[in-house]
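Down below is the structure, laid out as structure tokens.
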Amino acid sequence: MDVFLGLSASAGIGLGKAFVVPTAQKRAIPQKKIKPEEHEAHWTRFQTSLQKISAQVAGNLASVKNDKVQSEIFETYFLMLNDPEFLGDVERTFAASDRTIEYILSKKTEEYAEKLRNSGNNYLAERAQDICDIFGRVLNDLLDFHPFDINQVPDGAVIVAHEMAPSDTIILSRRKIAGLALEEGGVSSHVGILARNFGIPAVFALNKITQHAKTGHVIVVDGDAGEISLNPDSTSLADYENKIAEQEKRIALLKEFRSRSALTKDGTKLTVLANIGTVEEAKIAVKEGADGIGLFRTEFLFMSENTFNEESQFKAYKTVLEMMGDKPVTIRTLDAGGDKLVPMKDMLVRQEKNPLMGLRAIRLSLAHPQQLRTQFRALYRASIYGNLKIMLPLITDLSQVRKAKQIAAEVRDSLAAEGIPFKADVPIGIMVETAAAAIIVDHLATVSDFFSIGTNDLTQYTVGVDRENATVAPLYNEMHLAVLRLIQTTIIFGTKAHIPISVCGEMASREDGAKILAGLGIRSLSMSPKLISGTKALLAQYTLAELEAYAAKAVDEE
13 MDVFLGLSAS
23 AGIGLGKAFV
33 VPTAQKRAIP
43 QKKIKPEEHE
53 AHWTRFQTSL
63 QKISAQVAGN
73 LASVKNDKVQ
83 SEIFETYFLM
93 LNDPEFLGDV
103 ERTFAASDRT
113 IEYILSKKTE
123 EYAEKLRNSG
133 NNYLAERAQD
143 ICDIFGRVLN
153 DLLDFHPFDI
163 NQVPDGAVIV
173 AHEMAPSDTI
183 ILSRRKIAGL
193 ALEEGGVSSH
203 VGILARNFGI
213 PAVFALNKIT
223 QHAKTGHVIV
233 VDGDAGEISL
243 NPDSTSLADY
253 ENKIAEQEKR
263 IALLKEFRSR
273 SALTKDGTKL
283 TVLANIGTVE
293 EAKIAVKEGA
303 DGIGLFRTEF
313 LFMSENTFNE
323 ESQFKAYKTV
333 LEMMGDKPVT
343 IRTLDAGGDK
353 LVPMKDMLVR
363 QEKNPLMGLR
373 AIRLSLAHPQ
383 QLRTQFRALY
393 RASIYGNLKI
403 MLPLITDLSQ
413 VRKAKQIAAE
423 VRDSLAAEGI
433 PFKADVPIGI
443 MVETAAAAII
453 VDHLATVSDF
463 FSIGTNDLTQ
473 YTVGVDRENA
483 TVAPLYNEMH
493 LAVLRLIQTT
503 IIFGTKAHIP
513 ISVCGEMASR
523 EDGAKILAGL
533 GIRSLSMSPK
543 LISGTKALLA
553 QYTLAELEAY
563 AAKAVDEE
């Protein structure tokens with residue numbers, strides 16, 4: 013038996029026969045020069061191929077109309093194929109060039125993809141694969157190039173490949189795929205997202221797995237451990253089969269926790285909320301038994317549209333608030349800039365040497381107050397439809413909160429003058445996600461209605477580690493004593509000031525993290541909707557005293 017270590021992209025254990033996807037052949041891009049009189053014919057061919065692929069994408073969209081996640085993927089592709097900015101750039105460059113349309117399209121596609129890869133944001137970096145995939149299909153048609161058809165993979169197989177194109181992920185819903193084992197791919201890639209959505213175990217970043225696995229080999233994908241076992245012996249195989257049986261029982265058991273409150277073994281109640289980025293994720297949160305929305309990341313709404321105006325925002329916020337009823341919905345103002353680029357012409361962000369330390373989040377919003385006013389207007393208009401809370405990201409100074417609240421007050425005055433209904437007493441709180449905020453949290457309590465600890469950035473900034481940088485990723489540790497003590501400081505001073513405190517970072521969904529946070533005094537945890545039931549089940553195993561002892565040991569560790 014050979015074992016390969018990788019990156020867990022989707023939990024669970026999958027067992028089946030490997031289907032090794034052949035290494036993709038590289039398409040040859042003609043770079044020959046063309047005559048001016050040939051431009052029209054080349055551009056006509058491009059338009060024909062573009063329309064053909066658009067029609068195929070529309071067909072794919074119709075075939076997955078009942079699956080929102082896949083629908084959004086193909087909707088994204090359709091928008092890319094009809095993006096006037098990209099197509100205009102291609103047309104202008106081609107008109108000024110003496111090279112083939114294939115060469116210009118290939119060059120422009122890679123140019124745009126490289127901008128996304130260098131954005132400093134993992135979500136946008138993964139979208140680089142999307143643009144290469146969809147315009148790669150246009151290039152294939154132009155060149156009459158026919159790559160491997162993913163639909164040849166049989167039911168029950170474990171797909172082993174260098175990578176999977178996002179457009180190939182439709183197979184995940186059409187076939188009973190046992191698992192994915194890929195050499196490339198990120199946790200936030202469309203392939204990773206869909207694997208989790210369909211409950212398909214997946215491990216990525218597997219070094220040279222395609223060179224060792226052969227089609228027909230028995231293979232186990234352990235998404236819990238982040239490893240692959242190739243040709244396991246009979247004893248190991250029996251162990252995996254038992255784990256799969258236990259896994260199925262656990263999934264059935266966790267469904268019972270959806271309708272339960274989160275209680276410790278001795279009855280202490282906690283609130284378990286959901287982190288979402290889209291309206292559709294709110295539906296999943298309701299299904300998974302969330303007590304509300306602890307973090308609505310609005311930047312993903314802006315990323316999906318070139319212009320996300322007041323009316324579009326209002327409709328999205330209203331929908332989620334109505335969906336959640338009386339349950340709280342915490343909506344974060346735009347956390348963009350630097351590492352999260354949004355395609356807004358009136359809010360352009362310059363390339364920065366160190367974007368995570370640059371003009372982003374509340375800094376960017378205050379630098380472009382009109383955008384913040386527009387978002388506040390949409391939020392306040394939607395406030396009458398539910399239990400809204402507004403949260404400001406990346407706060408490091410009291411003045412930032414005061415300026416944002418002043419803009420909010422001006423918006424309320426404007427809405428009142430216009431006779432537009434809204435709730436005037438919507439709580440405005442902040443994210444505690446820097447050491448600066450945690451250290452002056454007693455002062456921030458004087459201008460904040462609530463705190464939400466963002467452990468992802470808090471860890472990154474505190475230990476000085478870029479969590480997207482593979483060379484230093486092992487140093488990124490949410491359980492670092494410095495991080496835990498900053499969280500403890502926030503809890504102590506926040507509680508003293510009677511400020512409600514929650515945690516919305518990834519730490520809240522991890523077993524050790526949830527136990528420590530509950531033991532330190534946190535009573536509100538927010539996480540990915542799919543992890544809510546598991547967290548409720550975890551907390552039910554311990555008394556409050558046991559959790560407090562566990563946390564005390566972690567914080568006092570030398």
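Numbering (the numbering used here), first residue to last: 13 to 570.
Backbone N, C-alpha and C define an ideal beta-carbon position, used for all residues, glycine too.
If you're wondering where the values come from, they're calculated on a predicted model, not measured in any experiment.
{"query": "For Asp454, the first and last residue of its enclosing alpha helix (DSSP H)", "result": "Val453 to Leu456"}
{"query": "Beta bridge counterpart(s) of Pro340 as assigned by DSSP", "result": "Asn399"}
{"query": "Asn287, enclosing beta strand (DSSP E) - first and last residue", "result": "Lys281 to Ile288"}
{"query": "Start and end residues, beta strand (DSSP E) containing Gly306", "result": "Ile305 to Arg309"}
{"query": "Buried/exposed call for Arg414, threshold 16 Cβ in 10 Å", "result": "exposed"}
{"query": "Within 8 angstroms, strictly: CB atoms of Thr501 and Val423", "result": "no"}
{"query": "Minimum C-alpha distance to Glu97 - residue among Pro541, Gln141, Tyr124 and Tyr562", "result": "Tyr124"}
{"query": "Coarse secondary structure for Val32, derived from DSSP in three states", "result": "strand"}
{"query": "Selected residue, minimal CA-CA separation from Phe90, among Val69, Ala107 and Thr105", "result": "Val69"}
{"query": "Three-way DSSP call (helix, strand, coil) for Arg535 in this model", "result": "coil"}
{"query": "Host beta strand (DSSP E) of Gly191 (start-end)", "result": "Gly191 to Leu194"}
{"query": "Backbone secondary structure at Ile504 - three-state DSSP", "result": "helix"}
{"query": "For Ser545, the first and last residue of its enclosing beta strand (DSSP E)", "result": "Not the beta strand (DSSP E): Ser545 falls in the alpha helix (DSSP H), residues Ile544 to Leu551."}
{"query": "Element boundaries [alpha helix (DSSP H), containing Leu378]", "result": "Ala373 to Ala379"}
{"query": "Option in Glu239, Glu258 and Val298 with minimal Cα separation from Gly18", "result": "Glu239"}
{"query": "Per-residue burial, Glu523 [other beta carbons within 10 Å of its own, 16 or more giving buried]", "result": "exposed"}
{"query": "Length at least 4, wholly inside the segment 203–265: the alpha helix (DSSP H) runs in chain order", "result": "221–224"}
{"query": "Gly100, DSSP secondary structure in three states", "result": "helix"}
{"query": "CB contact flag (Leu266, Gly546, <8 angstroms)", "result": "yes"}
{"query": "Leu470 - containing alpha helix (DSSP H), residue span", "result": "Thr467 to Val475"}
{"query": "Nonlocal neighbours in the same chain, by C-beta distance under 8 angstroms from Val459, ignoring five residues either side", "result": "Leu410, Val413, Arg414 and Lys417"}
{"query": "Cβ pair Lys198, Gly191 closer than 8 angstroms", "result": "Note that residue 198 is Gly in the sequence shown here, rather than Lys. It is not a contact, given that the beta carbons lie outside the stated cut-off."}
{"query": "Rounded C-alpha distance that separates Lys542 from Glu430", "result": "42 angstroms"}
{"query": "Buried/exposed call for Pro433, threshold 16 Cβ in 10 Å", "result": "exposed"}
{"query": "Cβ neighbour criterion (16 or more within 10 Å) applied to Val341", "result": "buried"}
{"query": "As assigned by DSSP and simplified to three states, the class of Ser20", "result": "strand"}
{"query": "Exposure label - Gly100; buried when at least 16 CB within 10 Å", "result": "exposed"}
{"query": "Given 8 angstroms, three or more beta-carbon pairs between the segment 277–294 and the segment 525–539", "result": "yes"}
{"query": "DSSP beta-bridge partners of Ile513", "result": "Phe463"}
{"query": "Cut-off 7 angstroms between Cβ atoms - residues of its own chain near Gly506, not counting five sequence neighbours on either side", "result": "Val453, Ala457, Phe463 and Ile513"}
{"query": "Cβ-Cβ distance between Arg372 and Leu406 below 8 angstroms", "result": "yes"}
{"query": "Simplified DSSP state of Arg187, which is helix, strand or coil", "result": "coil"}
{"query": "Same chain only: Cβ atoms within 8 angstroms of Arg497, ignoring 5 sequence neighbours per side", "result": "Val567"}
{"query": "Assigned secondary structure, Val301 (DSSP; H/G/I helix, E/B strand, else coil)", "result": "First, the amino acid is wrong: residue 301 is Gly here, not Val. It is coil, neither helix nor strand."}
{"query": "Delimiting residues of the alpha helix (DSSP H) encompassing Val567", "result": "Leu556 to Val567"}
{"query": "Coarse secondary structure for Asp14, derived from DSSP in three states", "result": "strand"}
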